[in-house]
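Residue numbers (our numbering): 519 to 777. No residue lacks a Cβ here, since even glycine has one placed at the ideal position from N, Cα and C. Fair warning: this is a prediction, and the values are worked out from it, not measured in the lab. Structure record follows, encoded as structure tokens.
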């Protein structure tokens with residue numbers, strides 16, 4: 519969202535010192551987050567997500583894990599692998615891993631839009647003696663806050679609707695997340711306590727760190743109006759007799775222009 523653009527749009531005064539609109543922002547309360555990056559691109563980010571979750575479980579102190587994948591199919595694939603590992607882990611009679619971390623029971627839960635409600639609410643339940651691993655789409659990026667999350671595994675990808683001109687269809691395509699999405703995902707680890715995030719986006723740590731903090735553009739998502747079909751919008755504008763809009767959206771009569 520371009521806050522400055524909206525501020526200018528709603529400003530009814532020509533005098534900049536007496537603006538009728540103001541930008542108000544509220545910073546969410548977060549705890550310190552350590553962010554780790556892969557040195558080389560991963561050939562299979564689904565398998566890399568599974569491997570990273572297992573590595574966290576065997577080498578990091580107790581805390582729940584949130585892993586981001588792009589679709590229900592990928593989540594179910596990772597779920598099968600991690601449930602097989604969890605069954606072996608939970609049946610083991612050893613009290614500690616070779617790293618010295620105390621062994622704990624692990625449960626793996628999916629989280630995506632079409633999942634029945636009674637299964638979705640399981641991710642919000644807290645068991646002090648069980649490490650919860652949540653495999654989610656970007657529904658868990660901003661829409662919900664899952665309690666107990668300490669570790670985040672970011673695959674670095676998500677699905678976005680894009681209009682294909684050659685096919686004349688709107689398709690869901692796997693795209694690299696923008697730096698703003700990466701910041702949102704990493705922030706999930708710092709809601710209740712200090713945490714860490716592992717990014718599997720396949721970029722060098724130096725560039726990824728600079729991109730994350732806004733120094734370089736990195737991978738930015740195109741504006742939604744550049745990805746959607748425009749024919750419907752243009753027809754609606756013509757039918758509404760709105761011919762031309764300047765930068766602030768004020769109608770200019772007797773002109774038909776679509777730049």
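> Quick one, which of 747, 663 and 620 has its alpha-carbon nearest residue 682's?
Replying inline: Ranking 747, 663 and 620 by Cα distance to residue 682 puts 747 first.
> In whole angstroms, what separates the C-alpha of residue 643 from that of residue 635?
Replying inline: Straight-line spacing of the CA atoms in residue 643 and residue 635 works out to 13 Å.
>> What does the Cβ neighbour count give for residue 575, buried or exposed, with the cut at 16 atoms within 10 Å?
In response: Per the 10 Å Cβ criterion, buried.
> Considering residue 545, what are the terminal residues of the beta strand (DSSP E) in which it resides?
Replying inline: Neither: residue 545 is in no beta strand (DSSP E) and is coded neither H nor E.
>> Tell me the rounded alpha-carbon separation between residue 680 and residue 620.
In response: Whole-angstrom Cα-Cα distance: 46 Å.
> What are the start and end residues of each continuous alpha helix (DSSP H) run of 4 or more residues lying completely inside the stretch 618-697, in chain order?
Replying inline: Taken in chain order, the complete alpha helix (DSSP H) segments of 4 or more residues contained in the stretch 618-697 are 635-638 and 657-660.
>> residue 632 and residue 601 - do their beta-carbons sit closer together than 8 Å?
In response: Residue 632 is positioned such that its CB atom lies no closer than 8 Å to that of residue 601.
> Taking the runs of the alpha helix (DSSP H) that are 4 residues or longer, which of them lie wholly in the stretch 569-609?
Replying inline: Those alpha helix (DSSP H) runs which fall completely within the stretch 569-609 and span 4+ residues are 590-609.
> Where residue 599 and residue 550 are concerned, what is the direct C-alpha to C-alpha distance, given to the nearest angstrom?
Replying inline: So the alpha carbons of these two residues sit roughly 31 Å apart.
>> Can you give me the C-alpha to C-alpha distance between residue 529 and residue 629, rounded to a whole angstrom?
In response: Cα atoms of residue 529 and residue 629: separation of roughly 42 Å, rounded to the nearest angstrom.
>> Could you compute how far the alpha carbon of residue 709 sits from the alpha carbon of residue 539?
In response: Each residue's alpha carbon lies about 31 Å from the other.
> Of all the options 716, 525 and 545, which has the alpha carbon lying nearest to the alpha carbon of residue 536?
Replying inline: Considering only alpha carbons, the answer is 525.
>> For a quick check, are the C-beta atoms of residue 604 and residue 570 less than 8 Å apart?
In response: No, they are not a contact pair.
>> Determine whether the beta carbon atoms of residue 672 and residue 712 lie at a separation below 8 Å.
In response: Contact: no.
>> Under DSSP, the alpha helix (DSSP H) around residue 527 begins and ends at which residues?
In response: Segment 521-528, the alpha helix (DSSP H) holding residue 527.
> For residue 557, which option in 717, 623 and 753 has the closest C-alpha, if you only look at C-alpha atoms?
Replying inline: The residue among 717, 623 and 753 with its C-alpha nearest the C-alpha of residue 557 is 717.
> In three-state terms, what does DSSP make of residue 716?
Replying inline: DSSP places residue 716 in the strand class (E or B) of the three-state scheme.
> In three-state terms, what does DSSP make of residue 562?
Replying inline: Correct three-state label for residue 562: coil.
> Rounded to whole angstroms, how far is the Cβ of residue 706 from the Cβ of residue 667, which I believe are closer than 8 Å?
Replying inline: With a Cβ gap of about 6 Å, residue 706 and residue 667 count as contacting.
> How is residue 552 classed by DSSP in three states: helix, strand or coil?
Replying inline: Here DSSP, grouped into helix, strand and coil, assigns residue 552 to strand.
>> If the criterion is Cβ atoms closer than 8 Å, does the pair residue 484 and residue 653 meet it?
In response: In this structure the chain extends from 519 to 777, so residue 484 is not present and cannot be described.
> Should residue 610 be labelled buried (16 or more other beta-carbon atoms within 10 Å of its own) or exposed?
Replying inline: Exposed, because fewer than 16 other Cβ atoms sit within 10 Å of the Cβ of residue 610.
> Would you call residue 655 buried or exposed, if buried means 16 or more other Cβ atoms sit within 10 Å of its Cβ?
Replying inline: Taking all protein chains in view, the Cβ of residue 655 is crowded by 16 or more other Cβ atoms within 10 Å, so the residue is classified as buried.
> Once you ignore the five residues that flank residue 587 on each side, which residues in its own chain have a CB closer than 7 Å to its CB?
Replying inline: Hits under 7 Å: 564, 567, 593, 596, 653, 655 and 673.
>> Here's a check: name, in chain order, each residue in its chain whose Cβ is nearer than 8 Å to the Cβ of residue 522, leaving out the five neighbours to either side.
In response: Excluding sequence neighbours, residue 522 sits near 541.
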